[in-house]
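Peer 1: Starting off with a structure, shown below.
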Amino acid sequence: MKWIILVILILVVVIAALIVYAANFFINVALFRENQWYHTTGHKMMNPDNFNKGRSQYDITEEKQIQLGKEFWEQSYAQDYWLNMEGERLYSRLFQPHPNSKKWVICVHGYRSYGQRDMAFPAFMFSKQGYNSLIPDLRAHGQSSGNVIGMGWLDRLDLLKWIQEVLTIEPQAEIILFGGSMGAATVMMTSGESLPAQVKGIVADCGYSSVYNEFGAMLRSAFKLPAFPILTIADLIARKKVGYSLKEASAVSQLAKNKLPLLLIHGTGDKFVPHQMLYENMEAATGVKESLIIEKAPHLSSFIYEPEHYFDTVFEFLRRYCE
1 MKWIILVILI LVVVIAALIV YAANFFINVA LFRENQWYHT TGHKMMNPDN
51 FNKGRSQYDI TEEKQIQLGK EFWEQSYAQD YWLNMEGERL YSRLFQPHPN
101 SKKWVICVHG YRSYGQRDMA FPAFMFSKQG YNSLIPDLRA HGQSSGNVIG
151 MGWLDRLDLL KWIQEVLTIE PQAEIILFGG SMGAATVMMT SGESLPAQVK
201 GIVADCGYSS VYNEFGAMLR SAFKLPAFPI LTIADLIARK KVGYSLKEAS
251 AVSQLAKNKL PLLLIHGTGD KFVPHQMLYE NMEAATGVKE SLIIEKAPHL
301 SSFIYEPEHY FDTVFEFLRR YCE
C-alpha cells in the first residue's frame, strides 16, 4: 500500500513539473520576440497556411497586392515617423497623399509581423478613397524596439499615443482604426478606452476574443495539448514575466464598453484564429456592428480571396456610419 501511495505521489509530482514546464515554455515562445524555437519550428506549427504557398489564383493575387503595397510604401509623400515611449523607440510609416483631407486611418499589423508586410496594401486601398494613413510597427515587432509581445493589450496604450500623434498632425482628423489578426485585437481592445471624438469607427479583421482563448486554441491545434491546466499556470507566469494576465487581455471585455461603429471580418478557413471568435466579439459589442464572413479564406487573407467584396464592404460601412 505504501508503495502504491509513493508511486502515485511521484506521478503527481512529475505531472505537475511537466505542466509547469509546458506552461513556461509556451509563454517564452508566445510572448517574447527573441525565441529561436518559434522561428525554426513554432511558426509553422501555429500558422501552417503561411508555409503552404503554391501558384493558385490566390497566390497570384497576393503577389500583385504585395507589389502594389511596396510601390505605395516608397511614394514620395511617405515618411518614417518615430515615437519615444517608456524607454522604447516605436516606428511607424506616415502617408499623406491627400494633404487637405481630414480622413485618416491607422492600420495595425498582426502577430510577429510588421506594418509593411500586413498593411501596405490595405493602406493603399484606403488612399484611393481619400485617406491619409499611419502604419505603426507594434512593440517588439518590425523596426520598433522591445522584446515583450503585448498581444494587443499593451499595444492598446501605444495606439492611444499614435492617435494623439495623428491629431497633432491634423487636429480635425476623422480617424478609422483598422487592424488584422493581433492588430484587430489591438483596435478592439483600444475601443474600450476613452477615445477622442475624432476616432470615428473600427474595422477588425480576424481578431481573437481574448489572449487566453487564442492561446487555448493554439495549444489544442498546434501542440495537441489541453488548455487546462497548462493555461492556468501560464496565466500566472505571464503576470510575473510580462506584466499582464492572459485573461484580462480581452477584446470581449473591451468591446462591451465600445460606442463606435464596428465592422468585424473573418475567413472560415482560418487555422490561426478560429473564425468562431468573430461571433464572440460580435455578441459582446454594443452599438452599431456588422460582420463580413469570407468563405474558405485563411488567416488574414480575406482581402486576397475576395478583394472587391472585401473593400466594397469596408468602404460602404465607413460611408454609412463613420463619415
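Those letters in the sequence shown? Residues 1 to 323, by UniProt numbering. Virtual Cβ for every residue (Gly too), placed ideally from N, Cα, C.
To the nearest whole angstrom, what separates the beta carbons of Ser-92 and Tyr-81, a pair I think is in contact under 8 Å?
Peer 2: About 5 Å separates the two Cβ atoms, so the contact holds.
Peer 1: Can you give me the C-alpha to C-alpha distance between Leu-90 and Gln-143, rounded to a whole angstrom?
Peer 2: Rounded to the nearest angstrom, the two C-alpha atoms are 7 Å apart.
Peer 1: Span of the beta strand (DSSP E) holding residue 388?
Peer 2: With the chain represented from 1 up to 323, any question about residue 388 goes unanswered, as that position is not in the structure.
Peer 1: Touching or not, the region 255-267 and the region 292-307, by the rule of three or more beta carbon pairs under 8 Å?
Peer 2: Taking 8 Å as the limit for Cβ pairs, the verdict is that the region 292-307 does touch the region 255-267.
Peer 1: Skipping 5 residues on each side, what residues in its chain have a beta carbon closer than 6 Å to that of Gly-69?
Peer 2: Correct list, in chain order: Ala-120, Phe-121 and Phe-124.
Peer 1: What three-state label does DSSP hand Trp-3 in the structure shown?
Peer 2: Here Trp-3 sits in helix by DSSP.
Peer 1: As a quick exercise: from Gln-254, Ile-293 and Lys-103, pick the residue whose alpha carbon is nearest that of Ala-284.
Peer 2: Minimum Cα distance to Ala-284 is reached at Gln-254.
Peer 1: So the alpha helix (DSSP H) Glu-283 belongs to, where does it begin and stop?
Peer 2: Note, Glu-283: alpha helix (DSSP H), 277-284.
Peer 1: With respect to the alpha helix (DSSP H) encompassing Glu-34, which residues constitute its N-terminal and C-terminal limits?
Peer 2: Premise fails: Glu-34 is in no alpha helix (DSSP H) and is neither H nor E.
Peer 1: Going by Cα to Cα distance, which pick from Asp-155, Glu-323 and Lys-200 is closest to Lys-259?
Peer 2: Answer by Cα proximity: Lys-200.
Peer 1: Which of the three DSSP states, helix, strand or coil, is assigned to Tyr-81?
Peer 2: Reduced to three states, the DSSP call for Tyr-81 is strand.
Peer 1: Does DSSP put Glu-88 in a helix, a strand or coil?
Peer 2: Strand at Glu-88.
Peer 1: Helix, strand or coil for Lys-103? Go by DSSP, reduced to three states.
Peer 2: Strand, per DSSP.
Peer 1: According to DSSP, Val-148 sits in a beta bridge with which residue or residues?
Peer 2: Note: Val-148 sits in a beta bridge opposite Phe-32.
Peer 1: Round the Cβ separation of Ala-249 and Trp-153 to the nearest angstrom and send it over; I've been treating them as touching at under 8 Å.
Peer 2: About 4 Å; that satisfies the 8 Å criterion.
Peer 1: Which stretch, first to last residue, makes up the alpha helix (DSSP H) that contains Glu-170?
Peer 2: Taken as a continuous stretch (DSSP letters only), Glu-170 belongs to no alpha helix (DSSP H), as it is neither H nor E.
Peer 1: From Ala-17 to Arg-112, what distance separates their C-alpha atoms?
Peer 2: If I take the Cα positions, the gap works out to 29 Å.
Peer 1: With DSSP run on the structure shown, which of helix, strand or coil describes Ser-210?
Peer 2: Ser-210: strand per DSSP, three-state reduction.
Peer 1: Can you tell me the Cβ-Cβ gap for Cys-206 and Asp-270, rounded? I've got them flagged as a contact below 8 Å.
Peer 2: About 6 Å; that satisfies the 8 Å criterion.
Peer 1: Note down the Cα distance separating Tyr-208 from Glu-170, rounded to an integer number of angstroms.
Peer 2: So the two alpha carbons sit approximately 31 Å from each other.
Peer 1: For Ser-191, is the classification buried or exposed, using 16 other Cβ atoms within 10 angstroms of its Cβ as the cut-off for buried?
Peer 2: Buried, because 16 or more other Cβ atoms sit within 10 Å of the Cβ of Ser-191.
Peer 1: Name the residue from Gln-164, Leu-225 and Gly-180 whose alpha carbon lies nearest to the alpha carbon of Leu-195.
Peer 2: The shortest C-alpha separation from Leu-195 is found at Gln-164.
Peer 1: Round the Cβ separation of Arg-33 and Gly-146 to the nearest angstrom and send it over; I've been treating them as touching at under 8 Å.
Peer 2: Arg-33 to Gly-146, Cβ: 7 Å. Contact.
Peer 1: Measure the beta-carbon distance from Leu-262 to Lys-289 and round it to whole angstroms, keeping in mind my assumption that it falls under 8 Å.
Peer 2: Indeed they touch by this definition, with Cβ atoms about 5 Å apart.
Peer 1: Buried or exposed: where does Thr-186 fall if 16 or more other Cβ atoms within 10 Å of its Cβ makes it buried?
Peer 2: Classification of Thr-186: buried, given that the 10 Å Cβ count is 16 or more.
Peer 1: In this structure, does DSSP put Leu-159 in helix, strand or coil?
Peer 2: Of the three classes helix, strand and coil, the one that applies to Leu-159 here is helix, per DSSP.
Peer 1: Enumerate in chain order the residues of its own chain whose CB-to-CB distance from Ala-217 is below 6 Å, with the five nearest sequence positions on each side excluded.
Peer 2: Answer for Ala-217: Pro-274, listed in chain order.
Peer 1: Please return the same chain residues whose Cβ sits closer than 7 Å to the Cβ of Val-29, not counting the five positions on each side in sequence.
Peer 2: Excluding positions up to five away in sequence, the list reads Asn-35, Trp-37, Tyr-38 and Gly-42.
Peer 1: For the candidate residues Arg-320, Met-188 and Met-46, whose alpha-carbon lies nearest to that of Glu-280?
Peer 2: When each option's Cα is compared against that of Glu-280, the closest is Met-188.
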